[in-house]
Amino acid sequence: MSAIPGFWQVRNWRACLLWPVSWVFSLLLRLRRLLYRLGILHAKPSSLPVIVVGNLSVGGTGKTPLCAELVSRFQKAGWKPAIVSRGYGGPRHEQAHLLTTADTPATAGDEPVMLFQQTGVPVCVCVDRAAAVERVAADTEADVVFSDDGLQHLRMARVADIVVIDGVRGLGNRWVMPAGPLREPPSRLSQADLLVVQEPFTGQESTSATFHHSLHKAFGRFADHSVQAMTFQLRPGTLRQLNTGHSTDISTLAGRRVHAVAGIGNPQRFFDSLAASGLQVEPHPLPDHHHFVVDDLSFGDDDPILITSKDAVKLQSLTGLPAQIHEVATQIRLSDGLCEAIDTLERSLRQCRDS
């Protein structure tokens, strides 16, 4: 999507003008959830435990890199994970499609291809995520499934909901679309199993980050957790030059002017993290799931061009790209409290599996 509207952070006249539409939308969402709770609508049973890594708000929150980290941690604990996704940015898959090495963002979506390449686990895309889970259960050796997004896909049964929130924007003005940034009312958080906040990277080894005021109320029901305890942070790491595959540390560009290009849900977070790493950033934001052409990366100079991993997979099929394009690999760091919560979830699922 394009830039997040500024009025989604406050309840100004624009938001108030749209509030009646949001009220109707919110009512329909509550009614739909009630129908599932009363058993009038049914989630499709699954033979595999499904963990949803989703968000309540529109725009990037860091859920996809967190999903990849969860896959890695469960693998180390002896699980055989798989991932399901709707496949945004690719064609509409009415039938469940298991990715292969021949898939590209044009055939399966940018985030699924990125996850497939990064994790090496089975990845299945379908507009019906429940059907994707069913395909994974039938045709792979997976024993646990992570859904990248899908919090609102109630047809897909799940054992846990992990809700990821951006620490800077929080829940915005706490209204649902179109008056605010939320896909569901804030009350939906009371049903989450885990709330996780992405802490902004400032270049400082500090644990005193200031979070959006809406988050403290959201964490009120979790007596054992605070906003500060349940965080993760994405930090720029190594740079991989696309045409050679050569990797260097981002510190080699410290003080230099760079073009930063990002077609993700929250491009500003990427730009800010590069600036916090000591780079002079010339930002070039693009819509989420943007389909690149060579001209998008032609700036008439020899300054390095830095892109996200999500955008890098979309450039693999392009020819004639500038030489100095570097993918910025991110490092994810989890707080001690979040590590403990994830380990507790893993142990609980293992006990159920082995009983």
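Just so we're aligned, residue 34 is where the sequence shown starts under the numbering used here, counting upward by one.
Ideal Cβ placement from N, Cα and C applies to all residues, glycine included.
Between the beta-carbon of Arg119 and the beta-carbon of Asp182, is there less than 8 Å?
Here residue 119 is taken as the residue at index 86 of the sequence shown, counted from 1. Here residue 182 is taken as the residue at index 149 of the sequence shown, counted from 1. Yes, Cβ-Cβ distance for Arg119 and Asp182 is below 8 Å.
Strictly by DSSP, which residues pair up with Arg366?
The residue labelled residue 366 in the question sits at position 333 within the sequence shown. Residue pairing from DSSP places Arg366 in a beta bridge opposite Gln266.
Hey, how far is the Cα of Leu272 from the Cα of Lys109?
Along the sequence shown, one-based indexing puts residue 272 at 239. Along the sequence shown, one-based indexing puts residue 109 at 76. Spanning the alpha carbons of Leu272 and Lys109 requires a straight line of approximately 26 Å.
Which same chain residues end up closer than 6 Å to Ser35 when comparing Cβ atoms and leaving out the 5 residues on each side of it in sequence?
For the purposes of this step, residue 35 is taken as residue 2 along the sequence shown, with counting starting at 1. Only weak support exists for where Ser35 lies, its pLDDT of 48 falling under 50; the coordinates are left without a value.
Rounded separation between Pro114 and Trp46 - CA only
Position 81 of the sequence shown holds residue 114. Position 13 of the sequence shown holds residue 46. Within the model, the alpha-carbon separation for Pro114 versus Trp46 is close to 47 Å.
Starting from Thr281 and walking both ways along the alpha helix (DSSP H), at which residues does that stretch end?
As a working mapping, residue 281 is identified with position 248 in the sequence shown. From DSSP, Thr281 is part of no alpha helix (DSSP H) but of the beta strand (DSSP E) over 280–282.
Which residue or residues does DSSP assign as beta-bridge partners of Pro318?
Translated into the one-based positions of the sequence shown, residue 318 becomes position 285. The partner list for Pro318 (beta bridge, DSSP) reads Ala295.
Which of helix, strand or coil DSSP assigns to Ile375:
For the purposes of this step, residue 375 is identified with residue 342 of the sequence shown, where counting begins at 1. Helix, per DSSP.
Below 6 Å CB to CB, which residues in the same chain sit around Leu367 once its five sequence neighbours on both sides are set aside?
Residue numbering aside, residue 367 sits at position 334 when the sequence shown is read from its first letter. Within the same chain, Leu367 has close Cβ partners Phe265.
Have a look at the DSSP bridge pairing and note the partners of Thr271.
On the sequence shown, residue 271 is found 238 positions in, with the first residue counted as 1. Bridge partners of Thr271: Asp282.
Can you give me the Cβ contacts of Arg63 inside the same chain, cut-off strictly under 8 Å, excluding the 5 residues immediately before and after it?
Along the sequence shown, read from residue 1 onward, the residue named residue 63 stands at position 30. Answer for Arg63: Pro218, listed in chain order.
Under DSSP, the alpha helix (DSSP H) around Gln231 begins and ends at which residues?
Position 198 of the sequence shown, counting from 1, holds the residue named residue 231. Per DSSP, Gln231 belongs to no alpha helix (DSSP H); it is in the beta strand (DSSP E), 227–231.
If you drop the 5 nearest sequence neighbours on each side, which residues of the same chain put their C-beta closer than 7 Å to that of Ser350?
The residue given as residue 350 occupies position 317 in the sequence shown. Exclusion of the five residues before and after Ser350 leaves Thr137 as the residues of its chain whose Cβ lies within less than 7 Å of its Cβ.
Measuring alpha carbon to alpha carbon, tell me which residue in Arg168, His323, Arg70 is nearest Ile297.
Sequence index remark: in the sequence shown, residue 297 carries index 264 (1-based). Here the closest residue by C-alpha is His323.
Sequence-distant residues of the same chain with beta carbon closer than 6 Å to Phe332, five excluded per side
Counting from one through the sequence shown, the residue named residue 332 turns up at place 299. Answer for Phe332: His292, listed in chain order.
Looking at C-beta atoms only, is the number of pairs between the stretch 136–154 and the stretch 61–77 that lie closer than 8 Å three or more?
Not touching, per the Cβ criterion.
Quick one: what does DSSP say Lys77 is sitting in, helix, strand or coil?
The sequence position of residue 77 within the sequence shown is 44, counting from 1. Collapsing the DSSP output to three states places Lys77 in a strand.
Would you list, in sequence order, the uninterrupted beta strand (DSSP E) runs of no fewer than 3 residues that lie entirely inside the stretch 130–208?
Correct list: 156–158, 177–181, 193–199.
Between His279, Ala287, Pro269, Gly142, which lies nearest to Ile340 when the distance is taken from Cα to Cα?
Here residue 340 is taken as the residue at index 307 of the sequence shown, counted from 1. In terms of CA proximity to Ile340, Pro269 leads the group His279, Ala287, Pro269, Gly142.
Any idea what DSSP makes of Pro218, helix, strand or coil?
Mapped onto the sequence shown, residue 218 falls at position 185. DSSP, reduced to helix, strand and coil, places Pro218 outside both helices and strands of the structure shown, so it counts as coil.
Val81 vs Ala175 beta-carbon contact at 8 Å
The count along the sequence shown starts at 1 and reaches residue 81 at position 48. The count along the sequence shown starts at 1 and reaches residue 175 at position 142. First, the amino acid is wrong: residue 81 is Leu here, not Val. With respect to Ala175, Leu81 sits close: the two C-beta atoms are nearer than 8 Å.
Tell me the DSSP bridge mates of His359?
Here residue 359 refers to the residue found at position 326 of the sequence shown. DSSP output for His359 lists Gln274, Leu339 as bridge partner(s).
What are the boundary residues of the alpha helix (DSSP H) that Ala115 is part of?
Translated into positions along the sequence shown, residue 115 becomes position 82. Ala115 -> not in any alpha helix (DSSP H); beta strand (DSSP E) instead, spanning 114–118.
Can you tell me the Cα-Cα spacing of Ile37 and Gly92, whole angstroms?
Position 4 of the sequence shown, counting from 1, holds the residue named residue 37. Position 59 of the sequence shown, counting from 1, holds the residue named residue 92. Those two C-alpha atoms are separated by around 7 Å.
Within the continuous beta strand (DSSP E) that includes Val85, where are the two ends?
Residue numbering aside, residue 85 sits at position 52 when the sequence shown is read from its first letter. Run containing Val85: 83–87, per the beta strand (DSSP E) assignment.
Can you tell me which of the three DSSP states Val57 falls into?
On the sequence shown, residue 57 is found 24 positions in, with the first residue counted as 1. Here Val57 sits in helix by DSSP.
Counted within 10 angstroms of its Cβ, other Cβ atoms place Ile440 as buried (16 or more) or exposed:
Since the first residue of the chain shown is 34 and the last is 388, residue 440 is not available in this structure.
Alpha-carbon to alpha-carbon, Glu360 and Leu275
Locating residue 275 in the sequence shown gives position 242, where the first residue counts as 1. Locating residue 360 in the sequence shown gives position 327, where the first residue counts as 1. Going by the C-alpha atoms only, they are around 7 Å apart.
Proximity winner among Ser306, Gly311, Ser280, Pro300, relative to Arg290 (alpha-carbon distances)
On the sequence shown, position 257 is the one that residue 290 refers to. Checking every option, the nearest Cα to that of Arg290 belongs to Gly311.
Just how far apart, CA to CA, sit Ala171 and Ala141?
Within the sequence shown, residue 171 is the residue found at index 138, counting from 1. Within the sequence shown, residue 141 is the residue found at index 108, counting from 1. Cα to Cα, the separation comes out at about 20 Å.
Taking C-beta to C-beta, are Val346 and Asp161 nearer than 8 Å?
Working through the sequence shown from its first residue, we reach residue 346 at position 313. Working through the sequence shown from its first residue, we reach residue 161 at position 128. No. Outside cutoff.
So what does Gln313 bridge to, in DSSP terms?
Residue mapping note: residue 313 aligns to position 280 of the sequence shown, counting from 1. Answer is Arg290.
With a threshold of 16 other CB atoms inside 10 Å of the CB of Gly213, please say whether the residue is buried or exposed.
Taking the first residue of the sequence shown as position 1, residue 213 is located at position 180. Counting Cβ neighbours within 10 Å, Gly213 comes out buried, since at least 16 surround it.
Since Thr363 and Ser342 should fall inside the 8 Å C-beta cutoff, what is the C-beta to C-beta distance between them, to a whole number of angstroms?
Counting from 1 along the sequence shown, the entry for residue 363 is found at position 330. Counting from 1 along the sequence shown, the entry for residue 342 is found at position 309. Distance from Thr363 to Ser342 at the Cβ level is roughly 7 Å; contact confirmed, criterion being Cβ atoms closer than 8 Å.
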